[in-house]
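The structure appears right after this line, and notes come after that.
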Amino acid sequence: MGAQLIDGKVVAKNVRQRLVPRIEALKARGVTPGLAAVLVGGDPASETYVRSKARACDKLGLYSEVIRKSADLAQQQLLDIVRELNDDDRIHGILVQSPLPSQIDEPTVTLAIRPEKDVDGFHPHNVGMLLIGRPQLIPCTPHGIIRLLEYYEIDPSGREVVVVGRSNIVGKPVAALLMQKTHMANATVTVVHSRSRDLPQIVRRAEIVIAAIGRPRTITSDMIREGAVIIDVGVNRVEDPSAEKGYRLVGDVDFEACREKASFISPVPGGVGPMTIAMLMENTVTAAESITAMPK
Ligand code: GUN
23 MGAQLIDGKV
33 VAKNVRQRLV
43 PRIEALKARG
53 VTPGLAAVLV
63 GGDPASETYV
73 RSKARACDKL
83 GLYSEVIRKS
93 ADLAQQQLLD
103 IVRELNDDDR
113 IHGILVQSPL
123 PSQIDEPTVT
133 LAIRPEKDVD
143 GFHPHNVGML
153 LIGRPQLIPC
163 TPHGIIRLLE
173 YYEIDPSGRE
183 VVVVGRSNIV
193 GKPVAALLMQ
203 KTHMANATVT
213 VVHSRSRDLP
223 QIVRRAEIVI
233 AAIGRPRTIT
243 SDMIREGAVI
253 IDVGVNRVED
263 PSAEKGYRLV
273 GDVDFEACRE
283 KASFISPVPG
293 GVGPMTIAML
303 MENTVTAAES
313 ITAMPK
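Shown next as structure tokens:
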């Protein structure tokens, strides 16, 4: 028997629908939530992401700006852009799309973003608040994963979760969220990565596997325990001459083989991806609510 599919499009729609009354309430008091995305250079995947973020804003009636700069932008110029956005009252969320060109030091840019506008949840203030159990703006992909589990009534409490990958964007924050002493958490979390001595053996213990490695089809069916839940965060372009664009997207999981052993599995595309954007919309609304509630 094959696993049940975790449909990110359905859950993302549910997240967006629940934002509608919050957006209406903000607009009723003269506030339109606004998101600014800064794109440096012409990375095609980043261009696609930024375009879908702007489209998602339009559909919900949010204000959005995309600031495109050439790949030779100096770090100081980028910092100046961020500081202007920090002071811009139309903007409640600021996102600097990564990867950035090598002359730019990403942590310095992240630190320059006002934490209340850090809708990526990457600023050390937001990372720290999450770690001490007082989350404010939570990174979008990890938060989206929790919402997927919640929608399908997969409670991680007391369960063995193995996170594969230790990035600042997904691996570390999703591990932090799942180990919190709160609803949809309380898991026993193990993080494995490229230097783990016996990765397959550890993944085999997992009741929930979160694959965020960034390498196509790394998780194979021999690593999957019977009945496990699999969340695939990978978005990898692999060449495919038969596809219109010459490539197709695959996850970090060998989907066809693993779905035979799993109880639930998220596909790529259509699993985690739509959730990331929906949670970005939610963070933008949350940021607009908290910024406009603050005395100036
Ligand atoms: N690049 C890939 N994913 C992300 C993300 O979630 N936020 C930003 N800013 N850049 C990314």
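All the letters of the sequence shown, read from the start, carry residue numbers 23 to 318 under my numbering.
Ideal Cβ positions, reconstructed from N, Cα and C, are used throughout, including at glycine.
Proximity below 8 angstroms, CB of residue i to CB of residue j
i: S288; j: I235; result: no
i: A96; j: Q125; result: yes
i: I232; j: V186; result: yes
i: E182; j: E229; result: yes
i: N36; j: Y173; result: yes
i: A309; j: V62; result: no
i: T314; j: L84; result: no
i: R259; j: L271; result: yes
i: S285; j: Q26; result: yes
i: G30; j: G292; result: yes
i: G64; j: A34; result: no
i: M206; j: L159; result: no
Heavy atom of the ligand GUN within 7 angstroms of residue i beta-carbon
i: D177; result: no
i: I28; result: no
i: T70; result: no
i: I191; result: yes
i: V118; result: yes
i: C162; result: yes
i: D127; result: no
i: T240; result: no
i: T54; result: no
i: D80; result: no
i: T298; result: yes
i: D111; result: no
i: D142; result: yes
Proximal residues to residue i (C-beta, below 7 angstroms), its chain only, five neighbours per side dropped
i: G166; result: V294, M297, T298, A300, M301
i: E304; result: V37, L41
i: K203; result: G155
i: P137; result: H145, H147, N148
i: S68; result: L61, Q119
i: R112; result: G56, Y85
i: A188; result: Here the sequence assigns Arg to residue 188, which means Ala is not the residue at that position. Contacts found: K194, V213, H215.
i: M151; result: P157, Q158
i: P66; result: none
Own chain partners of residue i with C-beta closer than 8 angstroms, once the 5 adjacent residues on each side are dropped
i: V225; result: V184, V186, V214, V231, I241, M245, I246
i: R227; result: E182, V184, T212, R247
i: D262; result: G268, Y269, R270
i: S264; result: none
i: S74; result: I299
i: V131; result: Q97, L100, L101, V104, V118, L122
i: L82; result: R38, L41, V42, I45, M303
Close beta carbons around residue i, own chain, < 6 angstroms, minus the five adjacent residues each side
i: L122; result: V62, E128
i: A209; result: P178, R181, V183, L200
i: A76; result: S86, V88
i: N108; result: R136
i: I176; result: V251
i: K91; result: V62
i: V72; result: A59, L61, V88, Q119
Worksheet item: Do the segment 238 to 253 and the segment 203 to 220 meet, that is, are 3 or more Cβ pairs less than 8 angstroms apart?
Response: no
Discussion item. I want to know whether the segment 50 to 62 touches the segment 109 to 126 - three or more CB-CB distances under 8 angstroms.
Written reply: yes
Worksheet item: Does the pairing of the segment 36 to 51 with the segment 97 to 104 give three or more beta-carbon distances under 8 angstroms?
Response: Cβ pair count under 8 angstroms is below three, so no.
Fill in: Cβ pair count under 8 angstroms reaching 3, the segment 261 to 277 against the segment 239 to 247
The answer is yes - the segment 239 to 247 touches the segment 261 to 277, with three or more Cβ pairs under 8 angstroms.
Worksheet item: Using 8 angstroms as the threshold, is the segment 151 to 169 in touch with the segment 192 to 205, meaning 3 or more CB pairs across them?
Response: Three or more pairs of CB atoms, one per stretch, sit closer than 8 angstroms, so the segment 151 to 169 contacts the segment 192 to 205.
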